[in-house]
Amino acid sequence: MDAEISLRVDGEAHRLTVDTRTTLLDALRERLGNTSPKKGCDHGQCGACTVLLDGERALTCLALAVAYDGAEVVTADGLAADGELHPVQQAFLDRDAFQCGYCTPGQVCSAVGVLDEVRRGWPSHASPDLTGDPELSHDEVAERMSGNICRCAAYVNIVPAVQQAGGQAS
Amino acid sequence: MKPFAFARPADVAEAVRTVAADPAAVFLAGGTNLVDHLKLGVATPDVVVDVRRLTSREIADTADGGLRMGAAVTNSELAADRRVRERYPVLAQALLAGASGQLRNAATTGGNPLQRTRCVYFSDVTTPCNKREPGSGCSAIGGYTRYHAVLGVPPTPPGPTAPDTCIATHPSDMAVALAALDAQVQVLGPHGERTIPFVELHRLPDGDPSRDTVLEHGDLITAIDLPALPLAVNSQYRKVRDRASYAFALVSVAAALEVADGVVRDVRIALGGVAHKPWRATAAEEALRGAPATEESYRAAAAAELAGAVPQPGIDDGNAFKIPLVGRTLIAVLRDLTPSEA
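Chains A and B supply the protein sequences, listed in that same order.
Sequential numbering of the first sequence, starting at 1, is according to the working numbering.
Sequential numbering of the second sequence, starting at 171, is according to the working numbering.
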C-alpha cells in the first residue's frame, strides 16, 4: 500500500510516494539516491544507518518512512557546509578514526548527536554523577557511542576524534 | 514484510477506535521493536496506527508531588529530566542502562514497557514458540536459556510441547525501575480511561504466554505516573550483562532504601532479567522492613526472595548461575544504598 510523504534531506525538499513498508533508510538510499547512511544489520543493532532526524541521532532502519512524513533529515553527506568539513568529520580525518569506512557516516552522525547531548547536559550510564555536567572522558565517549559498531575496531581512534571535535584534548 | 495500511488518526480517541475495530491492527510509537518485528515476520498486522505524535510529550508535576510522564516522552528526555535525575535516580539509571543513544531517542515512555521478549526463539519464526504462535510449544526448554526466567516458573516445567510453557523474560530496564517505584499506568481503552498499578501491568505466562500484559486489544497507554516517593532519592539501578554497554540484562536490580538509626524503615525492590515480568521483590521487602540495615539482613532478604527460584537446564549449563548472581547483585545494591555510619 502506498502513501505520499515529504522529507527534507540535507536541506533539499522531496515529495515521494512510498510503500508503507519502506524504511526511512531504504527511502533515502533507494528512492533519493543518498547512500551516505549504510545498511549494516538492518535490525537496529549496528548504527551504520544513523542520521540526524529532526535534530537528534536516530536509526533509519527502524523508522518507517511514512511515520516521518515532514521530517528534517541530515545525513553525513549533508554535514559539510560551504565545502568546509564538519568539525566531527575533520576530527575523524585528523585522528584516522576509520579503516574500511563503512560504519563511518553513521559514526559521524552519531558523534554529532553525542556532542549536542553533552552540550545539553544529558547524563549517560558512564557519568559518575547524574546531576553534574558530563565531560567527554574516554568512558563517556565509549558509552555514548556504543550503538555504533566498527568491525575494523577503529574505536581506539574514534574516541579521541569525538573528544577532539568536542573541544576536549585527549 | 506483509503489506499493511498506515493510519494517522487525529487524536488518541480515534486511534483507540481504529485499533479496537480491527483485531489485526497495532499501535506504533517509537517503532524500535515493532518495526524489527515487522521485518522478522513476528508481527503481521493489517493496519499500523501511528500514535507517536498523539500522546503527551510533557513531564508534568502532579498535585501529590509526583510526576506524570506523557506516553510520547522519549527515553532520552525522561533520563535527562532534572526531576527524574534528582528524585528518582533509579529510573534515570535504568533508562541510561538500556539500548543505545539512538534507540533511546526513539523509544517512548508508553512503548518501552510494551516491548516484547528478546528470547531468540520468539524472534525466530522457524522455531516453535508459545508466545508467538500459541500452542506450538517452547523451544527454549533445554535450549539457550542464558537470558531466561528463574522466578515465576513452575518447579517442574510442563515440558517443551505443552501449550502454555514459556520461560521468556521481559527485557525492559525502565520497567524494572517503574515496578520498584509504585508507578501507575494511565490507559485509554475502547471502554474509557482507567489506571493500572505498574506492578499489575505485566503478567506471568499462566495459561496464555502470548499475552505479556493485562492490556486488552485497543488499550493505549497515555501516561505513566510516579508517586511522590521521598525514599527514591536514595535509589539505584544495577545491571549485569555480557558486555559493558548496549546489551540486555542477565540480571538487574532496582532498589530504593530508607534507613534510620541503623534500621530499615522502608524499601522498594524489583528484579529484572529473571522473570516473565519485572519482578517486584515483595518477600525481600517484607524481610527487610524493620530489620537491621546489615549485610546479614540483606543476605536473608535475598534468600527469602530467591527461595522459589527454579534454574533452567540448557546449552552451556543453562541459567542456574543467575540465582546467586541476582542475589549478590541485590546485596551489593542494598549495601551501596546504606548510609555510612555517622
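Just so you know, even glycine gets a beta-carbon here, dropped at the ideal spot from N, CA and C.
Subject >> 6 Å CB neighbourhood of Gly40 (chain A) in its chain, flanking five on each side removed >> reply: Within the same chain, Cys46 and Ala48 come within 6 Å of Gly40 (chain A) by CB-CB distance, once the 5 residues on both sides are set aside.
**OP:** Kindly indicate which residue of B:Leu401, B:Val355 and B:Gly362 has the alpha-carbon position closest to the one of His372 (chain B).
**Re:** If we check each option's Cα against that of His372 (chain B), B:Val355 comes out closest.
Original post:
Hey, is Asn275 (chain B)'s beta-carbon within less than 8 Å of any beta-carbon in chain A?
Top reply: At least one CB atom of chain A sits nearer than 8 Å to the CB of Asn275 (chain B).
Original post:
Can you tell me the Cα-Cα spacing of Ala153 (chain A) and Val141 (chain A), whole angstroms?
Top reply: If I take the Cα positions, the gap works out to 15 Å.
Original post:
My guess is that Gly514 (chain B) and Ala398 (chain B) are in contact by the Cβ rule of under 8 Å, so how many angstroms apart are they, rounded?
Top reply: In this structure chain B extends from 171 to 512, so residue 514 (chain B) is not present and cannot be described.
Original post:
Under the three-state reduction of DSSP, which class applies to Ile493 (chain B): helix, strand or coil?
Top reply: Correct three-state label for Ile493 (chain B): helix.
Original post:
Which residues share a DSSP beta bridge with Gln356 (chain B)?
Top reply: Answer is B:Thr365 and B:Ala393, bridged to Gln356 (chain B).
Original post:
What does Val141 (chain A) reach in chain B if we use C-beta pairs closer than 7 Å?
Top reply: Per Cβ cutoff of 7 Å: no residues; Val141 (chain A) is ~11 Å from chain B at best.
Subject >> Extent of the continuous alpha helix (DSSP H) to which Gly113 (chain A) belongs >> reply: Run containing Gly113 (chain A): Thr104 to Arg119, per the alpha helix (DSSP H) assignment.
**OP:** Sort A:Ala76, A:Gly132, A:Tyr102 and A:Arg57 by Cα distance to Ser270 (chain B) and report the nearest one.
**Re:** The candidate whose alpha carbon is nearest that of Ser270 (chain B) is A:Arg57.
Original post:
Within the 8 Å Cβ cut-off, does Glu363 (chain B) reach chain A?
Top reply: The C-beta of Glu363 (chain B) comes no closer than 8 Å to any C-beta of chain A.
Original post:
Whose C-alpha, out of B:Tyr314, B:Arg438 and B:Asp389, is nearest the C-alpha of Asn489 (chain B)?
Top reply: Distances from the alpha-carbon of Asn489 (chain B) to those of B:Tyr314, B:Arg438 and B:Asp389 put B:Tyr314 closest.
**OP:** With DSSP collapsed to three states, give me the class of Phe514 (chain B).
**Re:** Absent from the structure is residue 514 (chain B), since the part of chain B shown begins at 171 and ends at 512.
Original post:
Secondary structure at Ser405 (chain B), three-state DSSP: helix, strand or coil?
Top reply: Here Ser405 (chain B) sits in strand by DSSP.
Subject >> Cys61 (chain A) in three-state terms, based on DSSP >> reply: When secondary structure is reduced to three states using DSSP, Cys61 (chain A) falls in the helix class.
Original post:
Taking Ile493 (chain B) as the reference, which of B:His318, B:Ser342 and B:Val429 has the closest Cα?
Top reply: It is B:His318.
**OP:** Would you mind telling me which residues of chain B sit closer than 7 Å to Ser146 (chain A), beta carbon to beta carbon, in chain order?
**Re:** The answer, in chain order, is Ser270, Ser415 and Tyr416.
**OP:** Consider the Cβ of Arg253 (chain B): report whether some Cβ of chain A lies at a distance smaller than 8 Å.
**Re:** Not an interface residue.
Original post:
On the premise that His387 (chain B) lies in contact with Pro193 (chain B), defined as a C-beta separation below 8 Å, what is that separation, rounded to the nearest angstrom?
Top reply: Approximately 6 Å separates the beta-carbon atoms of Pro193 (chain B) and His387 (chain B); this is inside 8 Å, confirming the contact.
Subject >> Delimiting residues of the beta strand (DSSP E) encompassing Arg238 (chain B) >> reply: Where Arg238 (chain B) is concerned, the enclosing beta strand (DSSP E) stretches over Leu237 to Gly240.
Subject >> Cβ-based neighbour list, Ala91 (chain A), same chain, cut-off 6 Å, excluding 5 preceding and 5 following >> reply: The residues Ala161, Gln164 and Ala165, in chain order, have a CB closer than 6 Å to that of Ala91 (chain A) in the same chain once the five nearest residues on each side in sequence are set aside.
**OP:** From the DSSP output, in three-state form, read off Asp216 (chain B) for me.
**Re:** In the three-state scheme derived from DSSP, where H, G and I count as helix and E and B as strand, Asp216 (chain B) is classed as coil.
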